[in-house]
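Working notes, structure below.
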Amino acid sequence: MWTEAARKRHAPRKERYPSDLTDREWTLIAPLIPPARRGGRPRETDMREVMNAVRYVLRTGCQWRQLPKDFPPRSTVYSYFWEWSRYGVLDHIHHTLLVACREAEGREASPTAAIIDTQAVKATEKGAAAGIPLATTRARKSRASSAMQLSIR
Numbered sequence: 004m005w006t007e008a009a010r011k012r013h014a015p016r017k018e019r020y021p022s023d024l025t026d027r028e029w030t031l032i033a034p035l036i037p038p039a040r041r042g043g044r045p046r047e048t049d050m051r052e053v054m055n056a057v058r059y060v061l062r063t064g065c066q067w068r069q070l071p072k073d074f075p076p077r078s079t080v081y082s083y084f085w086e087w088s089r090y091g092v093l094d095h096i097h098h099t100l101l102v103a104c105r106e107a108e109g110r111e112a113s114p115t116a117a118i119i120d121t122q123a124v125k126a127t128e129k130g131a132a133a134g135i136p137l138a139t140t141r142a143r144k145s146r147a148s149s150a151m152q153l154s155i156r
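Those letters in the sequence shown? Residues 4 to 156, per our numbering, in order.
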């Protein structure tokens with residue numbers, strides 16, 4: 004028999020896309036979104052819809068111009084994405100949620116162990132100061148240096 008709890012659990016999704024934020028996820032992320040700048044026109048864009056659009060693009064891998072029309076305009080979404088990436092908002096959101104997940108699982112907020120790749124260890128044993136790419140690629144001569152040598156002779 005259907006109980007009220009079973010109806011809620013098996014109810015169809017309210018979100019349009021699988022990448023859309025749930026109400027619970029949005030309550031965690033909303034305080035981390037920067038407020039509108041002072042001065043100028045007030046912000047009219049729904050930040051939850053912008054975040055849903057960014058998650059849609061990142062999840063599906065679609066091009067910005069193929070963003071579905073039920074999201075805010077692609078130029079608006081892209082400008083917020085660029086600004087959030089540039090000023091570290093997305094990194095801050097990721098770090099905050101990571102810490103919350105680790106603490107919810109009863110683990111320390113920051114990991115205490117590290118994994119060392121064997122390739123990196125081999126590169127440092129050879130004495131490569133800058134890492135693997137410099138140790139495995141040959142040095143190139145610039146064309147300007149070869150032209151100088153020819154003009155000197």
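We put the beta carbon where it would ideally sit given N, CA and C, even for glycine.
- Fewer than three pairs of CB atoms, one per stretch, sit closer than 8 Å, so the stretch 31-48 makes no contact with the stretch 56-70.
- In the DSSP assignment, D94 falls within the unbroken alpha helix (DSSP H) covering 92-107.
- Looking from the CA of M50, the closest CA among L31, R44, V80, Y59 belongs to V80.
- Looking at the backbone, the Cα of R19 and that of W5 are separated by about 25 Å.
- The residues F84, in chain order, have a CB closer than 6 Å to that of V57 in the same chain once the five nearest residues on each side in sequence are set aside.
- Counting along the chain, the unbroken alpha helix (DSSP H) around A56 starts and ends at 50-63.
- Per the C-alpha coordinates, the member of M54, S88, W29, V102 positioned closest to P76 is M54.
- Taking 8 Å as the upper bound for CB-CB distance, V102 and A112 are in contact here, some 5 Å apart.
- Close CB contacts of T99 within its chain, under the 7 Å cut and outside five residues either way in sequence, are with L35 (chain order).
- With a 10 Å radius around the Cβ and a threshold of 16 neighbouring Cβ atoms, D26 comes out exposed.
- By the C-beta density criterion, D23 is buried, having at least 16 other C-beta atoms within 10 angstroms.
- Between L93 and W29, the alpha-carbon positions lie close to 14 Å from each other.
- Assignment of W85 by DSSP, reduced to helix, strand and coil, places it in the helix class.
- I96 has its alpha-carbon roughly 32 Å from the corresponding atom of R10.
- A direct Cα-Cα distance of roughly 16 Å separates H13 from P21.
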